[in-house]
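What follows is one structure encoded as structure tokens, with my remarks underneath.
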Amino acid sequence: MNIKRKIGDFFKKYKHAWVFSYALLYGSWFYYLETHVTSGYHIIYSPIDDKIPFIEYFIVPYLLWFVFIAVVFAYFFFTDVDGFYKLAKISFAGMTIFLIISTIMPNGLAIRPVVFERDNIFVDLVKMLYQTDTPTNVFPSLHVFNSLAACIAIKNSKKLNEHKAICMGAYILTALIIMATMFLKQHSVLDVMAGFLMAYTLYQFVYAPEANGVRKPVRQTLFVK
0 MNIKRKIGDF FKKYKHAWVF SYALLYGSWF YYLETHVTSG YHIIYSPIDD
50 KIPFIEYFIV PYLLWFVFIA VVFAYFFFTD VDGFYKLAKI SFAGMTIFLI
100 ISTIMPNGLA IRPVVFERDN IFVDLVKMLY QTDTPTNVFP SLHVFNSLAA
150 CIAIKNSKKL NEHKAICMGA YILTALIIMA TMFLKQHSVL DVMAGFLMAY
200 TLYQFVYAPE ANGVRKPVRQ TLFVK
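Anchor point for the sequence shown: position 46 equals 45 in numbering that gives the first Met the number 0, and the numbering is continuous, going up by one each time.
Structure representation (structure tokens):
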């Protein structure tokens, strides 16, 4: 009974966990795209991509992205419900837009190196990444977009802004993640630019109104004795 009671108390306290059900929609939709978009897709390319060298060491911040996003979501989930809803709103809206774009305009890359100049553990990790992650469905870059969304949430958190080191660390890691998408040839510079544009656009709807002093009207409760 104690276990059931604890589980019940947990879901009462964290009712906003329902938001994570979005993972079912995203996961199934993305899996469909990954398994069906295998040929005839639009190649995303910019001449700038050829000038960006392949640097395998960026696999470290690239993989840290998964930890970064999970930690930021967990922080807001357990400490700031309003901030959690805003982070989920901007993140999931962008991810849905990404799915729609990938469905309407199947896209992919052709910039990954075939031969590697060096042989080390970082190159091995990149090879593993290439094997598990197809070079399709790349526009806009979710690595870029979700990292920026996390930074926006952090920037708009009064509590986190009291810890300058944490904020600075998050911003530096985000910059390294964005650079990693290009130096690992996982994304074109066009994917990166689109990620920035999407983050900026959705910010205007989710965070900007309150930042500009436009607050939601407070509902008044009428108490009758």
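Ideal Cβ placement from N, Cα and C applies to all residues, glycine included.
Quick check: the Cα distance between residue i and residue j, rounded to an integer number of angstroms?
i	j	result
residue 207	residue 123	43 Å
residue 192	residue 136	15 Å
residue 108	residue 42	5 Å
residue 209	residue 144	21 Å
residue 164	residue 39	46 Å
residue 219	residue 9	Interpretation of residue 219 is limited by its pLDDT of 41, a score under 50 that renders its predicted location unreliable; no figure is taken from the coordinates.
residue 204	residue 119	45 Å
residue 55	residue 132	16 Å
residue 211	residue 70	28 Å
residue 53	residue 14	45 Å
residue 127	residue 11	41 Å
residue 189	residue 45	7 Å
residue 235	residue 4	Since the first residue shown for the chain is 0 and the last is 224, residue 235 is missing from the structure and cannot be characterised.
residue 138	residue 199	16 Å
residue 125	residue 90	26 Å
residue 95	residue 162	32 Å
residue 222	residue 35	With a pLDDT of 35 at residue 222, under the threshold of 50, the predicted position of this residue should be treated as unreliable, and no value is reported.
residue 263	residue 116	No answer is possible for residue 263: it lies beyond the span of the chain, which begins at 0 and ends at 224.
residue 112	residue 134	12 Å
residue 104	residue 37	13 Å
residue 180	residue 167	20 Å
residue 159	residue 17	25 Å
Figure out for me which residue from the options has the closest Cα to the Cα of residue i.
i	options	result
residue 63	47, 205, 172, 195	172
residue 252	100, 175, 195, 134	The requested residue 252 does not occur in the structure, where the chain is confined to residues 0 to 224.
residue 88	30, 32, 152	152
residue 61	195, 186, 197	186
residue 93	140, 169, 65, 76	140
residue 182	22, 104, 67, 110	110
residue 233	196, 21, 169	No information on residue 233 is available, as it lies outside the stretch 0 to 224 that the chain covers here.
residue 98	114, 158, 25	25
For the alpha helix (DSSP H) holding residue i, just list the boundary residues, first then last.
i	result
residue 145	141-154
residue 181	163-182
residue 103	80-103
residue 204	188-205
residue 128	120-131
Please confirm if residue i has its CB atom under 8 Å from at least one CB of chain B.
i	result
residue 116	No chain B appears in this structure, which consists of one protein chain only.
I believe residue i touches residue j by the beta-carbon criterion, under 8 Å. Please report the beta-carbon distance rounded to the nearest angstrom.
i	j	result
residue 121	residue 58	5 Å
residue 177	residue 146	7 Å
residue 75	residue 82	5 Å
residue 149	residue 68	6 Å
* Taking only runs that begin and end inside the segment 23-70, name each unbroken alpha helix (DSSP H) of 4 or more residues, in chain order. => Entirely contained in the segment 23-70, the alpha helix (DSSP H) runs reaching 4 residues are, in chain order, 46-50.
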